[in-house]
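See structure below.
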Amino acid sequence: MKKTAAALGLLMVCCGRTEQPAPAASPPAAPGRGLKIALIAKSSTNPVFLAARTGAEAKAKELSAQGTPVEIAWLTPPQEDGQLQAQRIAQAVNEGAGAVLLSCSDAGKVTGAIDDAVARGVPVMTFDSDAAQSKRFAFYGVDDIKTGRSVLTELATQMGDKGKFAVLAGNQNAPNLRKRVDGVKEEAAKHPGMSLVGTFYHIETPQDAAAEVVRVMNAYPEIQGWAMVGVWPLFTRSLLTDLDPKKVKIVAVDALPVQLPYVEKGLAPVLLAQPVYLWGSVGVQTIYDKVVAKKEVPERIPMELVRVTRESLGSWARQLKDWGFTEVPDAYLKM
Amino acid sequence: MLRKALDFQQSGLLIVILLLGALLTLMAGSHPDPATGRSVNNFLNSHTLVQMATDASFFAIMAVGATLVIISGGIDLSVGSVYALAGVTLALVLRRLGAAAPAAIVAVGTLVALGVGLLCGLANGLMVVLLRVHPFVITLGTMWVLRGIAFVASKAESILVPPALTAVAKAPLGLGGTLYLVPMLVMLAVTALGAIYLTRTVMGRHVFALGGNPEASRFSGLRLGRIQAGVFVISGLTAGLAALLGAGFYGSASCGDATGYELYVIASAVVGGASLSGGKGSAVNAMLGAVLIVLIRQSIRTLRFDQNYEWIVVGCAIIVAVVIDQTSARWSARRLARAAVAVRSMGA
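As given, the protein sequences belong to chains A and B, one line each in that order. Going letter by letter, the first sequence gives residues 1 to 335 in this note's numbering. Going letter by letter, the second sequence gives residues 1 to 348 in this note's numbering.
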């Protein structure tokens, strides 16, 4: 036991003596010297964040070709965990990241880590889900309240402004999703014919989300519409067979290749797509502008939603293909 | 002397940790510090080591308590949920308390977190003893019940805790900057207390006796129910303490906190050599097991492996550690048996 304690003590004492002077070194953000950006999204099992990674890496490649090497370090936890995200922010700084690009699973949990990173000279930018009380320098994403309102407006149109609907809300701790739910409820108050059955949270995996929808439909067969503030269950094909497009309508946020059949079949006549590729692309560009080009950047960079319907399916499919998505069905590309 | 040192299992774990640490130091590369421009090793720097100790501390504190349960022959799957409920309750109580003196906030927060942990542990222990149901089943049930209560109580909200609590969990202790040693120090203190309890007290020996041979313990007149309930109380207390530290350190508490952590906690104990059949384990080893797991996770990032492989690597490492531990235990048993035979033959 004494040996254990002594060895641990030795290890910790050694920590303070490991920083060696390097006279030639200069701050990492200097032009031409390279910029390492830690990309920490909410969950590496959520495909929308994989699209953000693709966008970030493509932008990094493009910027690197201009002279300053830009590297993306993918530090996204496998599952949503604000505490783990806070740890990953600290790890990124410890390992020499020049900036952090973050989508917050739990703003309260990561605010301290963001502030610590900034205190150590590493700028942090958020996307998708903000930590507004932190010292992050910019946020890129949709206006979540407005997004929630848009979802309900579209759903009301599809349901003829009457009937019972439910909200599928994903992870209850994500501040952006909570705001979207608030937006849905605010807008629903303006539609007296629309009756909210309930708000349903779930683990943010496609199977859990699809199972939750089916469970709720079994419990409330009178539901005629779903306002989905994320698109999780539509990553599976199961609802195409479990739900009848003549009886139920879905309006959801996001539209990736695998969800397009829901638009084609009419079960989700409208998807409000976040250009999720741009989370990474715009995020990296903004960080580059601030850190390398030393430009002023706005604190809030609004992302506009894209309305995807059967009519716009072809153009949206081609856009996804251009962004590097490989699983876009040919049939939609030809539309 | 070296041989004697190597016989201690914690020495083996320490050697593995130090070797892995040395390997990572050599392979990590370096980066210039943004503030000073000095070259810093990507692994062997004060921030990374303290960060790893902090990451490990939340598992390790709970692992010390869970190890007691495992030594007694039980298991506690509810520690993650106790953590969540204790964190949420303390955040709600402190929110209700409103503006108060920092000392009062810390005192109330500590009492609430430890109180909730104690009550949850007591509930687990009493149900195991009185209902005579295997701890796996009871704590599997309370794992869901307690997280459900946290969910309902918090209305699924992430609740901020007062800065006074964060100021304690992130106290600079004269180091300044962003080096926070409090979680690590609490982990070391809890480990020391756990080690003293297990190795230097009669109650600790009773826990080993219960796990090693329940029938013999019963015939020896030990109050098994009291011992069994006691280890669950300690496990609940350590989860409450970890929640207090976690809520303070990260600045908020939510019902989703520590989801899945029970597996890391049990893995820490098992990597540290605790036997799931009871009668074997150590607080120091559980802490070192937690450090090793965090080190393995860290190595994936430091060596720039694809982090999507993290679960595979951690899972394989746990299996390898346990197999090595069991093999070494078998060799030790054989060596002891041979020595006993030799002593008998010399006597004859």
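Where a beta carbon is used, it is the ideal one built from N, C-alpha and C, also for glycine. Bear in mind that the values here come from a model prediction, so they are computed numbers and not experimental data.
For residue i, which of helix, strand or coil comes out of DSSP?
i, result
"A339 of chain B", "helix"
"T199 of chain A", "strand"
"A91 of chain B", "helix"
"F165 of chain A", "strand"
"D330 of chain A", "helix"
"V308 of chain A", "strand"
"E95 of chain A", "coil"
"L19 of chain B", "helix"
"S345 of chain B", "helix"
"A22 of chain A", "Low local confidence applies: a pLDDT of 39 at A22 of chain A is under 50, so the model's placement there is unreliable, with the coordinate-based value given in what follows. Three-state result, A22 of chain A: coil."
"R17 of chain A", "Interpretation of R17 of chain A is limited by its pLDDT of 40, a score under 50 that renders its predicted location unreliable; the figure taken from the coordinates is listed afterwards. Looking at R17 of chain A - three-state DSSP - the assignment turns out to be coil, as it is neither helix nor strand."
"G160 of chain A", "coil"
"M143 of chain B", "helix"
"W316 of chain A", "helix"
"T236 of chain A", "coil"
"S254 of chain B", "coil"
"L267 of chain A", "coil"
"Q207 of chain A", "helix"
"M12 of chain A", "Low per-residue confidence applies at M12 of chain A: pLDDT is 42, beneath 50, and the placement is therefore not dependable, though the value from the model is reported in the following sentence. M12 of chain A falls in the helix class under three-state DSSP."
"R300 of chain A", "strand"
"M287 of chain B", "helix"
"F139 of chain A", "strand"
"G224 of chain A", "In the sequence as displayed, the identity of residue 224 of chain A is Gln instead of Gly. If DSSP states are grouped into helix, strand and coil, Q224 of chain A belongs with the strands."
"I71 of chain B", "helix"
"A113 of chain B", "helix"
"V291 of chain A", "helix"
"A52 of chain A", "helix"
"A29 of chain A", "Only weak support is given to the placement of A29 of chain A: the predicted model assigns it a pLDDT of 46, under 50, and the value that follows is read from those uncertain coordinates. In the structure shown, A29 of chain A sits in coil (DSSP, three-state: anything other than H, G, I, E or B)."
Relative to the C-alpha of residue i, which residue among the options is closest?
i, options, result
"R149 of chain A", "A:G170, A:G183, A:D143, A:M159", "A:G183"
"D362 of chain A", "A:R237, A:E296, A:A58", "A question about residue 362 of chain A goes unanswered here, because the residues of chain A that appear run from 1 up to 335."
"E95 of chain A", "A:A273, A:D289, A:L278, A:A38", "A:A38"
"R180 of chain A", "A:Y288, A:V151, A:Q207", "A:V151"
"A100 of chain B", "B:A164, B:G73, B:S158", "B:A164"
"G315 of chain B", "B:I266, B:T302, B:T201", "B:I266"
"Q158 of chain A", "A:L313, A:V263, A:K294", "A:V263"
"S154 of chain B", "B:N124, B:T67, B:R304, B:S254", "B:S254"
"I61 of chain B", "B:L85, B:L19, B:G279, B:S268", "B:S268"
"I227 of chain B", "B:G21, B:A22, B:I70", "B:I70"
"G272 of chain B", "B:V129, B:S328, B:A113, B:L245", "B:S328"
"F200 of chain A", "A:W232, A:P192, A:E186", "A:W232"
"M287 of chain B", "B:R200, B:A195, B:V129", "B:A195"
"K36 of chain A", "A:S64, A:K42, A:A169, A:A52", "A:S64"
"T54 of chain B", "B:V186, B:E262, B:T259", "B:V186"
"V313 of chain B", "B:F151, B:V294, B:Y197, B:D33", "B:V294"
"A169 of chain A", "A:E154, A:Q259, A:A210, A:V308", "A:A210"
"W28 of chain B", "B:E262, B:Q298, B:V231, B:V168", "Correcting the residue type first, residue 28 of chain B is Ala in the shown sequence and not Trp. Out of B:E262, B:Q298, B:V231, B:V168, B:Q298 has the C-alpha closest to the C-alpha of A28 of chain B."
"R310 of chain A", "A:K294, A:L155, A:L260, A:Y277", "A:L260"
"P245 of chain A", "A:K146, A:I223, A:T45", "A:I223"
"V323 of chain B", "B:I149, B:T139, B:V270", "B:V270"
"L49 of chain B", "B:F59, B:Y264, B:L14, B:Y180", "B:Y180"
Is residue i a contact residue of the ligand SAH, with contact defined as CB to any heavy atom under 6 Å?
i, result
"V108 of chain B", "Looking for the ligand SAH in the displayed structure turns up nothing, as the structure carries no ligands at all."
Whole-angstrom Cβ separation of residue i and residue j, contact assumed at under 8 Å?
i, j, result
"V142 of chain A", "V124 of chain A", "20 Å between Cβ atoms; not a contact."
"V306 of chain A", "P257 of chain A", "Going by Cβ atoms, the distance from V306 of chain A to P257 of chain A rounds to 14 Å, so no, they are not a contact pair."
"L119 of chain B", "V108 of chain B", "No, L119 of chain B and V108 of chain B are not in contact; Cβ-Cβ is about 16 Å, not under 8 Å."
"G65 of chain B", "L237 of chain B", "7 Å"
"V93 of chain A", "L102 of chain A", "Not quite, the Cβ-Cβ distance comes to about 12 Å (not below 8 Å), so this is no contact."
"V122 of chain A", "V284 of chain A", "Between V284 of chain A and V122 of chain A the Cβ distance is about 15 Å, and since that is not below 8 Å, they are no contact."
"L90 of chain B", "P162 of chain B", "In fact, because the Cβ distance is near 10 Å, the residues do not count as touching under 8 Å."
"G108 of chain A", "L177 of chain A", "Contact flag wrong, Cβ pair sits at about 15 Å."
"A86 of chain B", "A290 of chain B", "Not quite, the Cβ-Cβ distance comes to about 19 Å (not below 8 Å), so this is no contact."
"A56 of chain A", "G280 of chain A", "3 Å"
According to DSSP, what are the bridge partners of residue i?
i, result
"N41 of chain B", "B:S30"
"K36 of chain A", "A:E71"
"G361 of chain A", "With chain A covering 1 to 335 only, the question about residue 361 of chain A has no answer from this structure."
"I159 of chain B", "B:A253"
"M194 of chain A", "A:G163"
How about the region 74–83 of chain B and the region 319–337 of chain B: do they share at least three Cβ pairs that are nearer than 8 Å? no
Inspect the CB distances between the region 77–84 of chain A and the region 242–254 of chain B and report whether three or more fall short of 8 Å. yes
Do three or more CB pairs link the region 218–229 of chain B to the region 35–47 of chain B at distances below 8 Å? no
Report yes or no: do the region 186–203 of chain A and the region 285–302 of chain A share at least 3 C-beta pairs separated by less than 8 Å? Counting Cβ pairs under 8 Å, fewer than three are found: no touch.
Does the region 235–242 of chain A come close enough to the region 109–117 of chain A that 3 or more CB-CB pairs lie under 8 Å? no
Is the region 198–217 of chain B touching the region 271–285 of chain B, taking contact as three or more C-beta pairs under 8 Å? yes
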